[in-house]
Amino acid sequence: MHQMNDLRRIDLNLLVILDALLSEQHVTRAAERLHLSQPAVSHALARLREMLGDPLLVRAGAGLVATPRALELMAPLREALASVQALLAPNTFDPASAKRRFRLAMSDYGAAIVLPGLIARLRQEAPGIDLQISHASREGMLDGVLNGDIDLAAGVFPELPHELRCTPLFEEQFVCLVDARRLPASGVLDLPTYLARPHVLLEMRGSGTPEIERALTAIGQRRHVAVSLPHWSVAPQLIAGTDLILTVAARGLQGVDQPQLSVVPPPFPIPSFSFVLAWHVRRGGDQALNWLNRQIAQVIVHG
1 MHQMNDLRRI DLNLLVILDA LLSEQHVTRA AERLHLSQPA VSHALARLRE MLGDPLLVRA
61 GAGLVATPRA LELMAPLREA LASVQALLAP NTFDPASAKR RFRLAMSDYG AAIVLPGLIA
121 RLRQEAPGID LQISHASREG MLDGVLNGDI DLAAGVFPEL PHELRCTPLF EEQFVCLVDA
181 RRLPASGVLD LPTYLARPHV LLEMRGSGTP EIERALTAIG QRRHVAVSLP HWSVAPQLIA
241 GTDLILTVAA RGLQGVDQPQ LSVVPPPFPI PSFSFVLAWH VRRGGDQALN WLNRQIAQVI
301 VHG
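Quick note on UniProt numbering: the sequence shown kicks off at 1 and runs consecutively.
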């Protein structure tokens, strides 16, 4: 009975405000995010401090910093709010009338594969669904899903934290893009030529291409990287008329239409990899998110 009385004292809106405050660590930004006035959020913070017996956010220079107690609260608070949202959500999801914004994380490789078909499908079937796309390293994307900043992350995640689940989208192979005139007379890219030539490395915000380097290490070899790029789209344009080699995932070259370029197999084994959607187990009851998850999978299969 005592526990029930404690629950009756808690205003759920205060927990929503606390979540915004801990995320933004700034009263004004939290107020803007919640569409509330700054005095209302300040008043809520005062009530939260009294209720939890902790200052929660303390002044540090021009900003605010979360206390150790506040940091402990962040993950369980978001999990609790997600559970409440799933509990109160309607049993059925109607894409035609739904109004939601989803936050997706993916590289430009993933965006090129997923977004064109997905956006076309959403505009036709669910025009009220908005997408916010972000880009980070593999670790950054998974951290975003774990802390609730990201709803779905599309990428290559060989190891997932136990709190996350994944929806496999496709299995991918590596290929090499070269200038056709710089291939050996046999038309085959052999290992001595591969090792002697300079390479373009895609190193997208710390993720790099570890699969290629690991495969080279496995045969006791290294390659010379002449150009290292943080993004995908310009890389194929650097190959024509040069001796450079670009070793990339095959689907990333689907839009490349230059007759002077050749796509050939790498001259050493590089394991394939799974491209997946990662999502948090606590979101398993979110029917809207489950619907979006299915749409992405169908786009990959059917276009």
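We put the beta carbon where it would ideally sit given N, CA and C, even for glycine. If you're wondering where the values come from, they're calculated on a predicted model, not measured in any experiment.
Relative to the C-alpha of residue i, which candidate in the options has its C-alpha closest?
{"i": "Ala-82", "options": "Val-299, Leu-15, Ala-249, Leu-142", "result": "Leu-15"}
{"i": "Arg-100", "options": "Gln-298, Asn-290, Asp-108, Gln-173", "result": "Asn-290"}
{"i": "Pro-267", "options": "Arg-78, Ile-133, Asp-190", "result": "Asp-190"}
{"i": "Val-84", "options": "Ala-153, Gly-284, Leu-48", "result": "Gly-284"}
{"i": "Val-263", "options": "Val-276, Arg-222, Ile-245", "result": "Ile-245"}
{"i": "Leu-122", "options": "Ala-98, Ala-235, Phe-170, Gly-187", "result": "Ala-98"}
{"i": "residue 305", "options": "Gly-140, Ala-80, Phe-93, Leu-261", "result": "With the chain covering 1 to 303 only, the question about residue 305 has no answer from this structure."}
{"i": "Arg-251", "options": "Val-175, Ala-44, Leu-56, Ala-120", "result": "Val-175"}
{"i": "Val-156", "options": "Arg-29, Val-188, Phe-275", "result": "Phe-275"}
{"i": "Gln-287", "options": "Leu-45, Glu-72, Ile-17, Phe-102", "result": "Phe-102"}
{"i": "Pro-161", "options": "Leu-146, Pro-168, Ala-46, Thr-242", "result": "Leu-146"}
{"i": "Arg-214", "options": "Leu-169, Ala-226, Pro-269", "result": "Pro-269"}
{"i": "His-35", "options": "Ala-62, Gln-173, Leu-21, Leu-48", "result": "Leu-21"}
{"i": "Leu-202", "options": "Ala-60, Val-225, Leu-18", "result": "Val-225"}
{"i": "Arg-181", "options": "Leu-261, Ala-60, Gly-63", "result": "Leu-261"}
{"i": "Val-256", "options": "Ala-235, Phe-273, Leu-195", "result": "Ala-235"}
For residue i and residue j, what's the separation of their Cα atoms in angstroms?
{"i": "Pro-265", "j": "Asp-151", "result": "36 angstroms"}
{"i": "Gln-38", "j": "Val-27", "result": "7 angstroms"}
{"i": "Arg-294", "j": "Pro-158", "result": "21 angstroms"}
{"i": "Leu-164", "j": "Val-299", "result": "22 angstroms"}
{"i": "Val-281", "j": "Leu-77", "result": "15 angstroms"}
{"i": "Arg-138", "j": "Pro-271", "result": "18 angstroms"}
{"i": "His-302", "j": "Ile-113", "result": "12 angstroms"}
{"i": "Met-74", "j": "Thr-67", "result": "11 angstroms"}
{"i": "Pro-95", "j": "Pro-127", "result": "8 angstroms"}
{"i": "Glu-24", "j": "Arg-69", "result": "16 angstroms"}
{"i": "Trp-279", "j": "Ala-297", "result": "14 angstroms"}
{"i": "His-135", "j": "Gln-237", "result": "22 angstroms"}
{"i": "Asn-13", "j": "Ala-105", "result": "28 angstroms"}
{"i": "Ser-228", "j": "His-199", "result": "9 angstroms"}
{"i": "Asp-130", "j": "Ile-119", "result": "9 angstroms"}
{"i": "His-231", "j": "Gln-124", "result": "30 angstroms"}
{"i": "Ile-239", "j": "Val-178", "result": "6 angstroms"}
{"i": "Leu-183", "j": "Val-248", "result": "17 angstroms"}
{"i": "Leu-18", "j": "Gly-63", "result": "16 angstroms"}
{"i": "Val-41", "j": "Ala-31", "result": "6 angstroms"}
For the alpha helix (DSSP H) containing residue i, name the first residue and the last one.
{"i": "Ala-111", "result": "108-125"}
{"i": "Val-41", "result": "38-52"}
{"i": "His-224", "result": "Careful: His-224 lies outside any alpha helix (DSSP H), inside the beta strand (DSSP E) at 224-229."}
{"i": "Leu-195", "result": "191-196"}
Give the DSSP bridge partners of residue i, in chain order.
{"i": "Pro-259", "result": "BP columns for Pro-259 are empty, so no partner."}
{"i": "Glu-172", "result": "Phe-273"}
{"i": "Arg-64", "result": "The question names Arg, but residue 64 is Leu in the sequence shown. Arg-59, per the DSSP bridge assignment."}
{"i": "His-280", "result": "Leu-164"}
{"i": "Arg-100", "result": "Ile-129"}
{"i": "Gly-140", "result": "Its beta-bridge partners do not exist; DSSP assigns none."}
{"i": "Ser-134", "result": "Ala-105"}
Within the present structure, is the beta-carbon of residue i separated from the nearest heavy atom of the ligand PLP by less than 7 angstroms?
{"i": "Pro-271", "result": "This structure simply doesn't include the ligand PLP, nor any ligand for that matter."}
Which residue marks the beginning of the beta strand (DSSP E) containing residue i, and which one marks its end?
{"i": "Thr-247", "result": "245-249"}
{"i": "His-302", "result": "Where His-302 is concerned, there is no enclosing beta strand (DSSP E), although the alpha helix (DSSP H) it sits in stretches over 287-302."}
Any beta carbon of chain C sitting closer than 8 angstroms to that of residue i?
{"i": "Pro-161", "result": "The question asks about chain C, but that chain is absent: this structure has only one protein chain."}
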